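Per the UniProt record's numbering, residue 1 is the first one in the sequence shown, and the count goes up by one each step.
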Amino acid sequence: MARQDRKIRERAEREARIIECAADIAEREGWAAVTTRRLADEIEYSPPVLYGHFPSGRAGIVDAVAVRGFAQMAQMLAAEPDAGLDRRRGVIERYLEFAATNPATYTAMFSMPILAEFATTTTPPELLDAFATIADVVGDGPSRDARAEVLWSALHGLATLARDGRLPSDTRDARVDALVSMLG
1 MARQDRKIRE RAEREARIIE CAADIAEREG WAAVTTRRLA DEIEYSPPVL YGHFPSGRAG
61 IVDAVAVRGF AQMAQMLAAE PDAGLDRRRG VIERYLEFAA TNPATYTAMF SMPILAEFAT
121 TTTPPELLDA FATIADVVGD GPSRDARAEV LWSALHGLAT LARDGRLPSD TRDARVDALV
181 SMLG
């Protein structure tokens, strides 16, 4: 049994290494640089090993990076706000920070085709956790999920427009203030 446990552990570690390597390459050089051949070279395994973990190849790897990104985002959003910030502002600030500091991962999460589905019975728990943190900010009451979706959409719009240089950086705080104010 110990041998089987070791093999399972080694497989999980290898898979995590593949995901980490893909995210690192994408963050440094963009998603175009992430290929199965490049990943195999970087982690010193053959391409068939990668396909053993991700039968759909690069698409499965991008999906895994996105799901890992949602887990990281959920953890970051759930953290206590900095001193002097209320919960709403804390979540907004951390969301925008995550998007700005992990642009390739954020792109995988929201702009690239991924296998993970949103708002279905098969939605991965990592996505649900990220959404739940945002939903907590809008509070209970009627249309809670719809209000959370609108907040998420606003955050995504701010993050994407800022990343693409479509919003002036010197008015970022005013946009955050406006969004906090809109939340009531």
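The beta-carbon is built from N, C-alpha and C at its ideal position, and this holds for glycine as well.
Computed from a predicted structure; not experimentally measured.
So, under 8 Å CB-CB, residue i and residue j are touching, yes? Tell me the CB distance rounded to an integer number of Å.
i	j	result
Val176	Glu93	7 Å
Ala116	Phe131	Incorrect: roughly 12 Å between the Cβ atoms, too far for contact.
Arg58	Val34	7 Å
Val65	Ala108	5 Å
Please report the straight-line C-alpha distance between residue i and residue j, rounded to a whole angstrom.
i	j	result
Pro47	Val62	16 Å
Glu42	Gly184	49 Å
Lys7	Val49	14 Å
Leu155	Leu96	7 Å
Val180	Ser169	18 Å
Let's test the definition: count the other Cβ atoms within 10 Å of the Cβ of residue i and tell me whether it reaches 16, buried, or not, exposed.
i	result
Ala32	exposed
Glu44	exposed
Met73	buried
Looking only at C-alpha atoms, which of the options sits nearest to residue i?
i	options	result
Met112	Val67, Leu85 and Ser143	Val67
Arg14	Asp5, His53 and Phe118	His53
Ser56	Val150, Ile114, Gly69 and Asp24	Ile114
Phe110	Gly157, Arg28 and Cys21	Gly157
Tyr106	Arg28, Gln4, Thr160 and Ala16	Thr160
Arg87	Ala26, Thr171, Ile18 and Ala135	Ala135
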